[in-house]
Amino acid sequence: MEIELTRRQAFLNERLELEANQDLERMERRVEMDLREVMESQVHRKAESYRLDQEIQMRERLAEARKLRESELDKQLKSERKSLEKEMLTDVDVRTKSLEEEAEQNALSDLDRRFRSERKTMEAALSLRRQELALESEVEMEQRVATYAKERETELLTTLEEQFSKRTDISKKEVNEIMKSLESHLKVKWEKIILDAKQSTLEKVSEN
0 MEIELTRRQA
10 FLNERLELEA
20 NQDLERMERR
30 VEMDLREVME
40 SQVHRKAESY
50 RLDQEIQMRE
60 RLAEARKLRE
70 SELDKQLKSE
80 RKSLEKEMLT
90 DVDVRTKSLE
100 EEAEQNALSD
110 LDRRFRSERK
120 TMEAALSLRR
130 QELALESEVE
140 MEQRVATYAK
150 ERETELLTTL
160 EEQFSKRTDI
170 SKKEVNEIMK
180 SLESHLKVKW
190 EKIILDAKQS
200 TLEKVSEN
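As numbered in numbering that gives the first Met the number 0, residues 0 to 207 make up the sequence shown, in order.
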């Protein structure tokens with residue numbers, strides 16, 4: 000009986016010890032798991048905090064870089080805008096000056112054409128007026144010369160006829176022949192005088 004009791008006690012002790020060891024192992028594993036879980040959680044939080052810090056720093060660096068880049072681009076754009084405005088203003092000035100010169104040239108050309116046209120019209124009118132004056136002067140001159148020639152011819156023929164009629168050595172027929180010859184001679188002479196006077200009048204009108 001004692002042996003059986005001792006054996007059972009020993010068995011129970013072994014079993015209790017085994018269970019205790021198993022419980023200890025489970026407890027250790029649980030503690031280890033808890034510690035690992037806490038450690039992983041801490042590591043995760045630390046990593047997340049580090050990531051957030053890095054992200055914040057990155058955003059700050061990006062914001063600063065963007066600010067600097069925007070400032071550089073703004074300066075560059077302002078410089079380009081000033082250069083472009085200056086170039087455009089220069090182009091506008093050149094174009095305006097070109098248009099002004101073109102308009103002035105067109106106006107001068109138009110004035111020249113009008114002046115030449117008016118000058119031709121005036122010259123034609125003056126030429127026509129000269130011709131009219133020449134004709135008027137010619138008619139007046141011919142009338143005056145013809146009147147004067149007729150008067151002088153009449154006076155001269157009358158005087159000669161009176162002188163010839165007093166002479167007894169010349170017959171009336173001879174007197175008539177002499178008078179006709181003299182009249183013809185005077186007519187040619189007066190026509191030459193009229194022609195010379197007409198030519199002189201035309202030359203004076205042409206000179207004017």
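Ideal Cβ placement from N, Cα and C applies to all residues, glycine included.
Small disclaimer: the values here were computed from a predicted structure and weren't measured.
> Hey, V138 and I192 are a contact pair by Cβ (cut 8 angstroms); roughly how many whole angstroms apart?
Replying inline: The sequence position of residue 138 within the sequence shown is 139, counting from 1. The sequence position of residue 192 within the sequence shown is 193, counting from 1. Not confirmed; about 16 angstroms, so no contact.
> Nearest-angstrom Cα distance between R25 and R35?
Replying inline: Mapped onto the sequence shown, residue 25 falls at position 26. Mapped onto the sequence shown, residue 35 falls at position 36. So the two alpha carbons sit approximately 15 angstroms from each other.
> Hey, is the region 140 to 159 in contact with the region 113 to 120, meaning 3+ C-beta pairs nearer than 8 angstroms?
Replying inline: no
> Can you tell me the Cα-Cα spacing of A64 and Y49, whole angstroms?
Replying inline: Taking the sequence shown and counting its residues from 1, one reaches residue 64 at position 65. Taking the sequence shown and counting its residues from 1, one reaches residue 49 at position 50. So the two alpha carbons sit approximately 22 angstroms from each other.
> By how many angstroms is the C-alpha of A19 removed from the C-alpha of T5?
Replying inline: Indexing the sequence shown from 1 puts residue 5 at position 6. Indexing the sequence shown from 1 puts residue 19 at position 20. Their backbone Cα atoms lie some 20 angstroms apart in a straight line.
>> Rounded to the nearest angstrom, what separates D111 and E79 at their Cα positions?
In response: Numbered from its first residue, the sequence shown carries residue 111 at position 112. Numbered from its first residue, the sequence shown carries residue 79 at position 80. Using only the alpha carbons, I get a separation of about 47 angstroms.
> Taking the C-alpha atoms as reference points, what is the distance between V93 and A106?
Replying inline: Here residue 93 refers to the residue found at position 94 when the sequence shown is read from its first residue. Here residue 106 refers to the residue found at position 107 when the sequence shown is read from its first residue. Their Cα atoms are separated by approximately 20 angstroms.
>> Measuring straight from C-alpha to C-alpha, what distance separates R223 and M32?
In response: The question about residue 223 has no answer here: the residues shown for the chain are numbered 0 through 207.
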